[in-house]
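Under this note's numbering, the residues of the sequence shown are numbered 33 to 233, in order.
For glycine and all other residues, C-beta sits at the position ideal for the given N, C-alpha and C.
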Amino acid sequence: MNRIRLAFALSVFALASGVAVAQAPGTRLRGTVERMEGATLELKAADGREIKVALAPGFSVGGMVAAKASDIAKGSFIGVGAKPQADGTLLAVQVVIFPEAMRGTGEGHRPWGVLPDATMTNATVAETVSKVDGASLVLSYPGGEQKVAITPEATILMAAPAEASELKPGAQVAMTASRQADGSYSTSRVTVAKAGAKLPL
33 MNRIRLAFAL SVFALASGVA VAQAPGTRLR GTVERMEGAT LELKAADGRE IKVALAPGFS
93 VGGMVAAKAS DIAKGSFIGV GAKPQADGTL LAVQVVIFPE AMRGTGEGHR PWGVLPDATM
153 TNATVAETVS KVDGASLVLS YPGGEQKVAI TPEATILMAA PAEASELKPG AQVAMTASRQ
213 ADGSYSTSRV TVAKAGAKLP L
């Protein structure tokens, strides 16, 4: 795996799973691009704050595109943020279909700090059954498996390549950045929501 693919994989994993990785320390930032001037990206956060982010030389950009339950095939490696149900199964809130380069990354089942009482499962799809109103999956990982229900209310996303030219006003972006002494930030990786998609929680 080359360094660009590795950087993209790590940034998607950090955003999609809510689990910190050693290669991506810092503050998670989300916002709307106001403008890009040279190597500085100016954002407006959801709370109205204006944030300046310096883009490191050779920074990488990854994208997220909207996907459907039918895009989840047997053998896919996915991340599922879900809420436990009374019968012991999981109800998916968010599903991210990972690129093959990320297979095995963060594999397992754990609490998901993004939502109360939620879990994150990064695993291989061992079984999938399509339904009119979604799908049922069996996720397999070393030491266990989880049964997951996907309804139309779940957000389903797929990682995709993106270019720096997509960091234009109005674009929704997220990143893990380092805080600088003057209050600004710097990052080497940016994830952008492509047309019709939204960023992972």
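- Within the stretch 44-115, no alpha helix (DSSP H) run of at least 4 residues lies entirely inside it.
- In the structure shown, the three-state DSSP call for residue 216 is coil.
- Residue 201 and residue 225 have their C-alpha atoms spaced approximately 12 angstroms apart.
- The three-state secondary structure of residue 132, taken from DSSP, is helix.
- Apart from the 5 residues on each side of it in sequence, residue 156 sits with its Cβ closer than 6 angstroms to the Cβ of 109 and 172 in its chain, given in chain order.
- Checking the DSSP bridge columns, you'll see residue 166 partnered with 163.
- For residue 186, the closest alpha carbon among the candidates 165, 194 and 206 is that of 165.
- Short of 7 angstroms from the beta carbon of residue 139, and not among the five residues preceding or following it, lie these beta carbons of its own chain, in chain order: 154, 155, 173 and 174.
- Around residue 100, the same chain offers 188 as residues with beta carbons nearer than 8 angstroms, after the five sequence neighbours per side are excluded.
- By the Cβ rule, the stretch 80-96 counts as touching the stretch 205-220, because three or more pairs are nearer than 8 angstroms.
- Assignment of residue 185 by DSSP, reduced to helix, strand and coil, places it in the coil class.
- Here DSSP, grouped into helix, strand and coil, assigns residue 124 to strand.
- Between the stretch 109-118 and the stretch 128-146 there are three or more inter-stretch CB-CB distances shorter than 8 angstroms, so the stretches are counted as touching.
- Boundaries of the beta strand (DSSP E) harbouring residue 208: 204-211, taken from the DSSP string.
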